[in-house]
Amino acid sequence: MFATLILRSGSSFVFLAAVYVSLNGIENLHNRLIVAGVVLLYTGLGIASVLQAFYFLHRVERLELECRRLVHQTRPDRLSQVIVTEVAHCRLPREAALWIELLFLAFLALLGLAQICNG
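The following block contains the structure:
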């Protein structure tokens, strides 16, 4: 789990650094604004994707809670408890990865907006 989060953070940081260097390396103001606009478009699409994934994981969490409630109401067997626990173990790392992705997308949006406002 931690290796995935570290890899995602590292790759997002490298991408953020590449965008920063490319935005500051472009001398022509018009080209810099075009690149900043494309970065903002990419950020908007990424944020929409992350919000959709959060919505999906929220639904999975609601199903997980409903399954837990049903398992405790009926005769709980070991298999059903294991399945519900495995769903939680699959959901939580994905949520952490989405929070990291959202953080770096916010940084990208701020970087793009700063370049547009500076221009």
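Counting in our numbering, the sequence shown runs from 1 upward without gaps.
All C-beta atoms in this analysis are idealised placements derived from N, C-alpha and C, irrespective of residue type, glycine included.
The model shown is predicted, which means the values in this text are computed figures rather than measured ones.
- Residue nearest to Ser9 within the set Ala88, Ile100 and Val21 is Ile100 (criterion: CA-CA distance).
- For Arg8, the enclosing alpha helix (DSSP H) begins and ends at Phe2 to Gly25.
- Taking the Cα positions, Leu41 is about 27 angstroms away from Arg59.
- About 6 angstroms separates the beta carbons of Leu108 and Val19, which is inside the 8 angstroms limit, making them a contact pair.
- Around the beta-carbon of Ala3, fewer than 16 other beta-carbon atoms lie within 10 Å, marking it exposed.
- For Ile47, same chain residues with a beta-carbon under 6 angstroms away, outside a window of 5 residues either side, are Leu105 in chain order.
- Per the coordinates, the alpha-carbon of Glu61 lies some 31 angstroms from the alpha-carbon of Phe15.
- Here Arg69 is exposed: its Cβ has fewer than 16 other Cβ atoms, across all protein chains shown, within 10 Å.
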